[in-house]
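Per the working numbering, the sequence shown starts with residue 14, numbered consecutively.
In this text, a Cβ means the ideal position worked out from N, Cα and C, and glycines have one as well.
One structure is given below, encoded as structure tokens.
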Amino acid sequence: MELLYITLGVVIAILIFAVVSFLRIRKAVTDLNQEEFIQGYRKAQLIDVREPKDFAAGHILGARNIPQSQLRQRYKEIRADKPVYLYDQNGARSGRVALFLKKKGYDQLFQLQGGFKKWTGKIKSK
């Protein structure tokens, strides 16, 4: 019986953590559908946060690759005074990147809903 309470406590703690993380990300970044993303990304900094091999396989035309794994060293390459449009493969990683950038003082953060896998616009591959 005691094991059941411990397991239940762990499950509840994980759920609370997940909900808090989700709410923090929602507050840090604005989700945009593809049409909204297309309307604004040409006037913004378009950042692909996937790893270089994924970027090389195909990326949105005009995007720069700053992988999440290199963000702590490279975030200063992103200007804080211009909008930042982020995307990854499915939308999960770009939210965490937005949270990091928000903590560093960036406030115009947008992400592509569904990520690159849902993108039907122009792409470039190496």
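Next on the checklist: Which of the three DSSP states is assigned to arginine 55 in this structure?
Outcome noted: coil
Item to check | Length of the line joining the Cα atoms of leucine 16 and valine 24 | outcome: 12 Å
Checklist entry - Where does isoleucine 60 land, buried or exposed, given buried means 16+ other C-beta within 10 angstroms? => result Isoleucine 60 should be labelled buried.
Checklist entry - What does a CB cutoff of less than 6 Å around glutamate 49 pick up in its chain, not counting 5 residues either side in sequence? => result Excluding positions up to five away in sequence, the list is empty.
Checklist entry - What first and last residue would you give for the alpha helix (DSSP H) that runs through leucine 45? => result Per DSSP, leucine 45 belongs to no alpha helix (DSSP H); it is in the beta strand (DSSP E), 43 to 45.
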